[in-house]
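**Student:** Residue numbers (this note's numbering): 336 to 694. By construction, the Cβ of each residue, glycine as well, lies at the ideal position given by its N, Cα and C atoms.
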Amino acid sequence: MKKALKWLGIVVAVLLVGVLGFYGWATSTASALGERTLESHEVDFPVPFPLTDEEVEVLRAERLAVRPSDSEPPTTEEYAAAEGEPVPAPAPAPDPLEGVDLDALALERAVARGEHLVNARYGCTECHGADFSGGEMINDAAFAIILGPNLTAGEGGLVADYDMADWDRSVRHGILPSGRQSAMPSGDYVLMTDRELSDIIAYIGSMDPVDNVVLAPTLGPVATILTALGKFPFSADLIGEHRHDHVANPPEAEPTVEFGRHLAGVCTGCHREDFTGGPIAAGDPSWFPAANLTNHEDGLAGWTYDDFVTSLRELRRPDGSEIRPPMALIAPYAAEMTDTEMQALWAFIESLEAQPTGL
Ligand code: HEC
Ligand code: HEC
């Protein structure tokens, strides 16, 4: 009996040393991975983007339409009053845009576009809070505590000294200004254009300052082990390439395949680059496999535009069945999309060649 206890003790001790050793290895490996610094390119762009020539022309035409023309010929009465005197040449019409603050207008429009981008497409508020003063990404002591930092100008706000290269690194590359990898999943933002990022920065800048100091991310035991084993990768590592050029302007907001392809960039994280769906690699293991969105019999063959809109906004298929999580995450964004955006998305999806579902 004593001997058995002794052996049990030894076994427990060995296991304990093994577990502690493994955990020690995991902790140091995870922190070494987290402490690497990565380089990315330097970019620059204006906030806000100035009005385009076309926008300025539209504005000029609008102002001219509401203003009585200064250059009308003199009336008969004016001729009579002038009694043969030479009629003075009409004064040159002042520029209809005189006194219009084009910079203020550009900012106003940028903020409005940024608000739409956040609410209909990019979902920053999900983790940073509706007023950008901070929120939660993951809050589970055993797994990890990863909070979305305060991005307002209040105390605890982290972006006060950001230049455009810092914004680019943080949002589109998953790299913090210090060069360390960010815990933010930036994969969905890689294809964001300069103007979209600029618009979002303008919108964030329009938020009231809120004082809120948010704790930096900490990994619990589960995330530490998964990170060390490479199963909870940083998005900067997944993105891999940090020097590729960014596109300056998004495609025109028209119901075209091209604009739809751009909008569908945020669907690929789950439905994959080729939209054939299948198990979601970077997702919560409890999520159902993503649906095949190509024109295949296992995909969306036979769907109409209305079926598509209902599926995204009401989470119902044409046969009445319910579309399950995590598509519910998408519905609030789909509700904010304009008809043009929905039509463009559908034009793109309809154009996808039929392919069997991904494995
Ligand atoms: C899924 C949650 C999530 C979403 C969505 C998200 N963020 Fe983040 N973001 C985070 C987390 C977590 C951090 C902190 C990362 C760290 O410190 O490692 C962060 C950090 C940042 C930072 C860097 C702050 C610093 O540490 O200096 C910026 C800037 C930022 N986010 C902007 C955005 C913008 C803009 C969007 C939308 C386009 C967005 N985020 C969407 C979770 C998110
Ligand atoms: C977070 C992961 C995720 C994202 C992001 C996502 N989807 Fe889905 N989607 C799914 C999953 C999972 C299903 C299957 C749900 C089920 O089996 O009930 C699905 C189903 C669908 C369906 C229903 C098709 C069918 O027969 O089940 C459509 C349509 C769809 N997604 C379109 C989109 C579009 C368009 C986008 C981008 C705007 C998008 N999804 C973004 C995960 C996602």
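(1) Any heavy atom of ligand 1 within a distance shorter than 8 Å of the CB on Gly483?
(2) Are Ala361 and Thr645 closer than 9 Å when you measure CB to CB?
(3) Does the Cβ of Ala500 lie closer than 8 Å to at least one heavy atom of ligand 1?
(4) How is Gly344 classed by DSSP in three states: helix, strand or coil?
(5) Nearest by alpha-carbon distance to Phe610: which of Pro425, Ala441, Glu587, Thr692 is it?
(6) If we count Cβ pairs, one from each stretch, closer than 8 Å, do we get three or more for the region 579-597 versus the region 658-672?
(7) Helix, strand or coil, according to DSSP, for Thr692 in the structure here?
(8) Measuring only from the beta carbon, is Leu573 closer than 8 Å to any heavy atom that is part of ligand 2?
(9) For ligand 1, any of its heavy atoms closer than 8 Å to the Cβ of His463?
(10) Please list the terminal residues of the continuous alpha helix (DSSP H) segment that includes Gly449.
(11) Given the structure, does Ala518 come close to ligand 1, in the sense that its CB is under 8 Å from one of the ligand's heavy atoms?
(12) I'd like to check one pair, Met499 with Ser570: are the Cβ atoms closer than 9 Å?
(13) How far does the beta strand (DSSP E) with Asp466 in it reach, from first residue to last?
(14) Indicate the three-state DSSP secondary structure (helix, strand or coil) for Ala500 in the structure shown.
(15) Consult DSSP for Gly483 and reduce its assignment to one of helix, strand or coil.
(16) Can you tell which of Met542, Ile510, Thr639 has its C-alpha closest to the C-alpha of Glu374?
(17) Enumerated in chain order, which unbroken segments of the alpha helix (DSSP H) with a length of 4 residues or greater are wholly contained in the region 563-629?
(18) For Val435, which of Asn474, Thr487, Ile539, Leu394 has the nearest alpha-carbon?
(19) Please report the distance separating the alpha-carbon of Trp638 from that of Phe380.
(20) According to the neighbour-count rule (16 or more other Cβ atoms, all chains shown, within 10 Å of its Cβ), is Gly489 buried or exposed?
(21) Buried or exposed: where does Thr673 fall if 16 or more other Cβ atoms within 10 Å of its Cβ makes it buried?
(22) Mark Ala424 as exposed unless 16 or more other C-beta atoms lie within 10 angstroms of its C-beta, in which case mark it buried.
(23) Do the region 527-539 and the region 561-569 touch if we need at least three Cβ pairs shorter than 8 Å?
(24) Given that a residue counts as buried once 16 or more other Cβ atoms are within 10 Å of its Cβ, and exposed if not, what is Thr487?
(25) Quick one, which of Gly595, Leu482, Ala588, Ala348 has its alpha-carbon nearest Leu550's?
(26) In three-state terms, what does DSSP make of Arg507?
(27) Please give the ranges of any alpha helix (DSSP H) in the region 525-566, keeping only runs that are unbroken, at least 4 residues long and fully inside the region.
**Tutor:** Reading it off the structure:
(1) The residue you call residue 483 lines up with position 148 of the sequence shown. Under cutoff, so the answer is yes.
(2) Working through the sequence shown from its first residue, we reach residue 361 at position 26. Working through the sequence shown from its first residue, we reach residue 645 at position 310. Going by C-beta atoms, Ala361 is not nearer than 9 Å to Thr645.
(3) As a first step, residue 500 must be located in the sequence shown, where it is residue number 165. Flag unset: Cβ of Ala500 not near ligand 1.
(4) For the purposes of this step, residue 344 is taken as residue 9 along the sequence shown, with counting starting at 1. In this structure, Gly344 counts as helix in the three-state DSSP scheme.
(5) For the purposes of this step, residue 610 is taken as the residue at position 275 of the sequence shown. Of Pro425, Ala441, Glu587, Thr692, the residue nearest in Cα terms is Thr692.
(6) no
(7) Walking along the sequence shown from the start, residue 692 turns up at place 357. If DSSP states are grouped into helix, strand and coil, Thr692 belongs with coil.
(8) Mapped onto the sequence shown, residue 573 falls at position 238. Checking every heavy atom of ligand 2 against the Cβ of Leu573, none is found closer than 8 Å.
(9) One-based indexing of the sequence shown puts residue 463 at position 128. Yes - ligand 1 has a heavy atom lying nearer than 8 Å to the Cβ of His463.
(10) Taking the sequence shown and counting its residues from 1, one reaches residue 449 at position 114. It spans 437-452 - the alpha helix (DSSP H) in which Gly449 sits, taken as one unbroken run.
(11) Numbered from 1 along the sequence shown, position 183 holds the residue referred to as residue 518. At least one heavy atom of ligand 1 is nearer than 8 Å to the Cβ of Ala518, so yes.
(12) Against the sequence shown, residue 570 aligns to sequence position 235. Against the sequence shown, residue 499 aligns to sequence position 164. No, they are not a contact pair.
(13) On the sequence shown, residue 466 is found 131 positions in, with the first residue counted as 1. That residue, Asp466, is in no beta strand (DSSP E); it is neither H nor E in DSSP.
(14) On the sequence shown, position 165 is the one that residue 500 refers to. Looking at Ala500 - three-state DSSP - the assignment turns out to be helix.
(15) Along the sequence shown, one-based indexing puts residue 483 at 148. It is a strand residue.
(16) Counting from one through the sequence shown, the residue named residue 374 turns up at place 39. Per the Cα distances, Ile510.
(17) 570-574, 592-598, 603-606
(18) Numbered from 1 along the sequence shown, position 100 holds the residue referred to as residue 435. Minimum Cα distance to Val435 is reached at Leu394.
(19) As a working mapping, residue 638 is identified with position 303 in the sequence shown. As a working mapping, residue 380 is identified with position 45 in the sequence shown. Cα to Cα, Trp638 sits roughly 41 Å from Phe380.
(20) Locating residue 489 in the sequence shown gives position 154, counting from the first residue. Buried is the call here.
(21) Reading the sequence shown from its first residue, position 338 is the one you call residue 673. Its Cβ having fewer than 16 others within 10 Å, Thr673 is exposed.
(22) Counting from one through the sequence shown, the residue named residue 424 turns up at place 89. When all chains shown are included, Ala424 counts as exposed.
(23) no
(24) In the sequence shown, residue 487 corresponds to position 152, counting from 1. That one is buried.
(25) Translated into positions along the sequence shown, residue 550 becomes position 215. Cα-wise, what sits closest to Leu550 is Leu482.
(26) For the purposes of this step, residue 507 is identified with residue 172 of the sequence shown, where counting begins at 1. Looking at Arg507 - three-state DSSP - the assignment turns out to be helix.
(27) 529-540, 556-563
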